[in-house]
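Numbering (our numbering), first residue to last: 1 to 273.
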């Protein structure tokens with residue numbers, strides 16, 4: 001069981017509409033199954049003006065909730081809190097259950113991207129790993145797993161000018177998330193001149209937070225956790241995972257709005273790793 005504080009921010013050009021929307025949001029949370037609210041607090045409504053001189057109102061609904069891990073992740077995607085504070089929770093979850101949660105998150109993000117024609121950039125961070133050769137020593141894999149990492153097998157769709165480029169680019173992107181590749185294979189499935197197919201790999205992630213992030217960004221068509229059989233998540237990891245997921249959904253939502261305001265101006269960035 002996880003106990004957490006969600007901070008839910010809201011804005012409106014109408015003070016009355018803001019009050020109504022926050023109260024309605026609270027009632028919606030109370031109506032959810034498997035979620036218990038132990039405390040609620042409406043912050044003072046603050047008025048401000050934007051760069052155009054227009055007045056707007058903002059406030060925060062603060063709620064303490066108790067729920068299970070899978071529902072916690074669903075709440076992060078549904079409520080999109082501006083921040084989260086874990087009050088208690090130190091969980092152990094079987095790899096099979098974790099895969100189901102990965103599926104929930106990946107499905108939600110994919111639906112948003114496809115519905116609004118958004119692109120979830122798969123660009124690694126500057127502090128990513130540079131791996132010269134594919135393949136890892138068994139001792140190194142075991143050491144990482146003992147310290148909270150995971151060996152993850154997954155398959156992603158890829159398009160490139162040829163198979164070699166597809167594998168090199170996929171390797172670069174996976175290393176960019178901070179993971180190392182142990183095995184990799186590619187298979188062409190398209191019939192056109194350009195290479196179109198799938199790339200499968202076995203990758204070592206140094207922590208579960210990074211693995212969550214990679215699942216969202218790569219949207220695997222197939223995946224499995226090889227090791228460990230049971231994953232332990234502490235309070236800090238639970239908090240960071242929730243905040244990261246909410247942040248990605250928030251950015252996607254922002255880009256939906258941006259796309260609507262700038263219709264016809266080209267493609268729009270959803271998020272960048």
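Cβ atoms here follow ideal geometry from the backbone N, Cα and C, with glycine treated the same way.
For residue 57, the beta-bridge partners assigned by DSSP are 12 and 47.
Taking every protein chain shown into account, the CB of residue 217 has 16 or more other CB atoms within 10 angstroms, so this residue is buried. Inter-residue distance for residue 54 and residue 16 is about 16 Å (C-alpha atoms, whole angstroms).
Straight-line spacing of the CA atoms in residue 76 and residue 188 works out to 37 Å. For residue 210, the enclosing alpha helix (DSSP H) has its first and last residue at 208 to 218.
A residue is called buried once 16 or more other Cβ atoms fall within 10 Å of its Cβ, and residue 20, having fewer, is exposed. In terms of CA proximity to residue 80, 246 leads the group 251, 253, 252 and 246. Per DSSP, the beta-bridge partners of residue 184 are 201.
Residue pairing by DSSP puts residue 224 in a beta bridge opposite 153. A direct Cα-Cα distance of roughly 26 Å separates residue 214 from residue 8. In the displayed model, residue 35 falls within a strand according to three-state DSSP. When secondary structure is reduced to three states using DSSP, residue 111 falls in the helix class. For residue 144, the three-state secondary structure derived from DSSP is helix. A residue is called buried once 16 or more other Cβ atoms fall within 10 Å of its Cβ, and residue 209 is buried on that count.
Ranked by Cα distance from residue 95, the first of 151, 180 and 161 is 151. Residue 130 carries a coil assignment under DSSP once its states are collapsed to helix, strand and coil.
Here residue 34 has 67, 68 and 71 as same chain residues with Cβ atoms under 8 Å from its own Cβ, once five neighbours each way along the sequence are excluded.
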